[in-house]
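Report on one structure; see the data block that follows.
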Amino acid sequence: MADHSDPSAKFELLQSDDFAQYLLRAPREIAFVLRQLAAHRCMITAYIDDSPRFMMSSVLSVSEDDHQLVLDVSRDETLNASVAVARQLLCVTQLEKVKIQFSISQFHFDRSGKHPALIAQAPQTLLRLQRREYYRLTAPVSHSLICRIQAPEDKQMIDARVVDISGGGVAVLVPPKGLDFSADKQYRNCRLDLPEFGPVTATLRVRNIFRITNPNGTEALRAGCQFEELPTAMANAIQRYILRVERDRKARDMG
């Protein structure tokens, strides 16, 4: 049976230039992903309604007609009682470093077998953050990487913290004020100061915006941006920076 563990962050796709890239709607495609979760025994954080309470679970099986799935339940009967009267479970997991999230709203407990289980109708949509086209790197915690973005209205430079960088673009935390981020919006003359490699100036185009809700309840907006018109020399500097940081990280991991 599933037991308590560290919860996963919830995420919500607010805007995207291509929703089809992230959202699966075909029942057969959704069922395929659910079966993959079952085959890999992926742990799922199942949030109860809109609360921070959660149950750790996993997909046990999917019906042959793709309409139903069976989930593991908690060892905590008090938690199971909360799930039994819930309107919705928001399920968050990861499969081979691909983030997956789906909601179920029609479910019931089945205690007829040797082990209790949760029987649910398959979700109508499934959100999947696929592997990126480019090699990605989570920004190192040893130093804060900042992207300076020029506000179109008053030309003021506003700092946005970089949370992800690759040769193709960056993901930044949307500043609380000063910039109106929206899908397909373009920002010119953005500046990244790469430690030991100097400044990189490029045009950024917003591709998607996600709301991230951390397990402690704090929220942040994350904007995925693509580099445009990036000179070869600057693209090479970014790749060298990524390789150096990854090399340093592996050296620390090896002690």
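For the sequence shown, counting from 1, position 154 maps to 154 in the working numbering; every step adds exactly one. From the three backbone atoms N, C-alpha and C, an ideal C-beta is built for every residue, glycine too. Here the structure is a predicted model, which is why all the values come from computation and not from measurement.
Whose CA, out of the options, lies closest to the CA of residue i?
i	options	result
residue 111	65, 254 and 72	72
residue 173	155, 149, 186 and 167	149
residue 16	226, 241 and 235	226
residue 170	92, 40 and 239	239
residue 52	65, 199, 92 and 61	92
residue 60	248, 31 and 233	31
residue 184	233, 245, 90 and 228	228
residue 286	182, 205, 122 and 79	Residue 286 lies beyond the residue range present for the chain, which begins at 1 and ends at 255; the question has no answer from this structure.
residue 337	97, 83 and 49	Since the first residue shown for the chain is 1 and the last is 255, residue 337 is missing from the structure and cannot be characterised.
Roughly how many angstroms lie between the CA atoms of residue i and residue j, to the nearest whole one?
i	j	result
residue 67	residue 254	46 angstroms
residue 287	residue 33	Only positions 1 to 255 of the chain appear in the structure, and residue 287 is not among them; the question remains open.
residue 213	residue 86	20 angstroms
residue 75	residue 20	37 angstroms
residue 13	residue 107	24 angstroms
residue 186	residue 153	13 angstroms
residue 77	residue 157	53 angstroms
residue 10	residue 248	30 angstroms
residue 25	residue 196	45 angstroms
residue 245	residue 175	25 angstroms
On the premise that residue j lies in contact with residue i, defined as a C-beta separation below 8 angstroms, what is that separation, rounded to the nearest angstrom?
i	j	result
residue 207	residue 221	Their Cβ separation, rounded to whole angstroms, is 14 angstroms, which puts residue 207 and residue 221 out of contact at 8 angstroms.
residue 230	residue 202	5 angstroms
residue 129	residue 22	6 angstroms
Can you tell me whether residue i is helix, strand or coil according to DSSP?
i	result
residue 241	helix
residue 77	helix
residue 200	strand
residue 189	strand
residue 23	strand
residue 246	helix
residue 166	strand
residue 13	strand
residue 211	strand
residue 86	coil
residue 93	strand
residue 120	strand
residue 205	strand
residue 254	coil
residue 183	coil
residue 160	strand
Entirely within the stretch 26–73 and at least 3 residues each: give me those beta strand (DSSP E) ranges in chain order.
Counting only runs of 3 or more, we get 44–48, 54–57, 59–62 and 68–71.
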